[in-house]
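Under this note's numbering, the letters of the sequence shown match residues 4 to 48, in that order.
First up is the structure itself, then whatever we jot down about it.
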Amino acid sequence: MNQYFTNTFFKFFFGFLVIIAAAFGILIGASAVLPPPVDSVAAPQ
4 MNQYFTNTFF KFFFGFLVII AAAFGILIGA SAVLPPPVDS VAAPQ
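In structure tokens:
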């Protein structure tokens with residue numbers, strides 16, 4: 004039972020890390036392609 008719990012926990016943990024990494028990759032890619040709206044609002048030219 005302990006081994007099963009450990010395997011399930013690691014599967015969930017690594018899956019969560021992959022989802023977080025994918026979300027950050029999408030955000031970084033979008034911010035690199037699109038102009039950042041925060042800069043235009045915070046420091047208007």
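We treat Cβ as the ideally placed atom computed from N, Cα and C, and that holds for glycine.
Please read all numbers here as calculations on a predicted model, not as lab measurements.
Measure the C-alpha to C-alpha separation of residue i and residue j and round it to an integer number of angstroms.
i: Y7; j: A33; result: 39 Å
i: N36; j: I29; result: In the sequence as presented, Asn is not what sits at residue 36; that position holds Val. Going by the C-alpha atoms only, they are around 11 Å apart.
i: L20; j: F13; result: 10 Å
i: F17; j: A26; result: 14 Å
i: N10; j: I23; result: 20 Å
i: N5; j: F15; result: 15 Å
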